[in-house]
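Residues 131 to 224 (the working numbering) make up the sequence shown, in order. Built from N, CA and C at the ideal position, the CB exists for glycine as well. Notes for the one structure printed next.
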Amino acid sequence: MSGLPGLNFPTFHSMTASLRAGGNTVTNPAEINPDGGTWTDCMRRDIVALMDCDTVATLPGWEHSKGARLEVLIAERLGMTVVNAHDLVTREAV
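Have a look at this one:
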């Protein structure tokens with residue numbers, strides 16, 4: 131997430147591990163863009179990957195990231211499910 135230390139990659143990786151442990155298929159922007167790049171280049175790759183998803187799981191602070199806000203907007207307009215990633219992990223643990 132732009133604006134956060136390390137682009138928030140540690141949180142992306144931690145949540146990805148938790149979601150995958152619960153049996154989810156995860157598309158992780160930090161894995162798509164491991165070496166970073168310009169914001170535009172990363173967003174183009176992320177949006178292409180988003181088209182193969184049916185759910186977007188948001189991380190804390192997503193609303194402060196212009197990229198995450200764009201991804202959520204696209205997902206909502208395309209009728210995808212948008213959930214809080216923590217809630218998804220917690221629900222699976224029950």
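{"Item": "Ignoring anything shorter than 3 residues or poking outside the region 147-200, list the beta strand (DSSP E) runs there in chain order.", "Value": "185-188"}
{"Item": "Do Ala179 and Leu189 have their beta-carbon atoms positioned less than 9 Å apart in this structure?", "Value": "no"}
{"Item": "For His143 and Pro164, I'd like the C-alpha separation in whole angstroms.", "Value": "11 Å"}
{"Item": "What does a CB cutoff of less than 8 Å around Thr220 pick up in its chain, not counting 5 residues either side in sequence?", "Value": "none"}
{"Item": "Taking the alpha-carbon of Phe139 as reference, which of Gly166, Glu206, Ile204, Asp184 has the nearest alpha-carbon?", "Value": "Gly166"}
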